[in-house]
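Just add 2 to wherever you are in the sequence shown, counting from 1, and you've got our numbering.
Just so you know, even glycine gets a beta-carbon here, dropped at the ideal spot from N, CA and C.
Since the model is a prediction, treat every value here as computed from it, not as a measurement.
Here is the structure we will look at.
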Amino acid sequence: MFEIKIRQQLTGVVSKVFIALFALVLFSGCSPINQLVRFDTVGQVYSSDQLLKVPDDASRNAIKSVTYSVPYADVFRVVDVSATQALFDVDSSNEDEGKILATRETKGLLGEDSIQIFFHAIVVEEKGPRETKVTVLSKVQSSCYKFSGGTRTFYAISTFGLSELLTAIGGELNCDDHIKVHWVNSDRYSTRKEVNQLFTIIRNNLIARGLM
């Protein structure tokens with residue numbers, strides 16, 4: 003009988019603790035905090051030729067090049083069309099400069115409501131009368147949501163610290179590292195599939211036009 007009373011008392015205490023924590027969450031605000039004020043534009047990201055230079059230690063995900071035995075003008079027109087077909091949002095296209103700027107928005111990794119934007123600079127270079135090189139450069143910027151203090155405390159206590167561990171693994175504690183524009187530098191921000199698809203479409207369009 004005595005053990006039952008103790009068990010009931012403990013249950014009551016635990017219930018009160020959770021109610022108190024829940025109230026704390028309500029008063030402190032449950033909404034996640036957006037750690038990003040605004041996204042840059044692709045024009046800002048590649049505003050100068052200096053910003054087109056990929057660092058030596060950049061990941062292979064940040065740059066990919068293919069050379070075609072096709073005249074420059076033909077390649078540029080095909081690349082311009084292919085970028086749209088590959089579902090890139092083309093922001094600007096300049097044949098004289100050999101540069102196409104485009105973006106692609108996807109669901110982010112740092113919080114349920116986060117998004118990430120990939121910034122692509124497609125550079126077309128004439129290497130000879132019938133030799134043209136196409137290079138795709140990729141940078142990324144992410145929004146990062148994390149819980150406000152009360153909500154975070156509630157989840158930390160109710161999961162015995164597991165939520166904090168998962169948060170650290172997920173990168174939430176390093177929001178500043180993700181909200182800045184940076185070169186695509188790991189499989190976490192991979193654009194390999196989309197860029198490979200773009201080059202496949204370019205090749206198919208060149209073949210369809212009898213240029214290859």
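Residue j beta carbon less than 8 Å from that of residue i
i: A85; j: A104; result: yes
i: V136; j: I204; result: yes
i: V81; j: I65; result: no
i: V54; j: V125; result: Sequence check: residue 54 is Leu here, not Val. Yes, the Cβ-Cβ distance between L54 and V125 is below 8 Å.
i: V92; j: Q118; result: no
i: T134; j: T43; result: no
i: F78; j: E97; result: yes
Beta bridge counterpart(s) of residue i as assigned by DSSP
i: Q118; result: T108 and S144
i: S95; result: I102
i: K195; result: Paired residue(s): none; K195 is not in a bridge.
i: T134; result: Y70 and E128
Residue i burial status per 10 Å Cβ neighbour count (16 or more: buried)
i: A210; result: exposed
i: N198; result: exposed
i: G45; result: exposed
i: L167; result: Confidence at L167 is low in this model, with a pLDDT of 44, below 50, so the placement of that residue should be treated as unreliable; the coordinate-derived value is given next. Label assigned to L167: exposed.
i: R63; result: Here residue 63 is Asn; the residue named in the question, Arg, does not match the sequence. N63 should be labelled buried.
i: G100; result: buried
Candidates the options: closest to residue i by CA position
i: S145; options: K129, F120, V138 and V126; result: F120
i: S94; options: V56, E128 and A123; result: A123
i: D58; options: W185, V80, E107 and N96; result: W185
i: P131; options: S71, L89, S140 and R106; result: S71
i: L1; options: F41, S67 and K129; result: For residue 1 there is no data in the structure shown, the boundaries of the chain being 3 and 214.
Residues near residue i in its chain [Cβ-Cβ closer than 6 Å; skip 5 each side]
i: M214; result: L208
i: K195; result: none
i: V47; result: F121, K141 and V183
Neighbourhood of residue i by C-beta distance below 7 Å, restricted to the same chain and skipping five residues each side
i: Q87; result: I203
i: T193; result: N63, F120, S140 and V186
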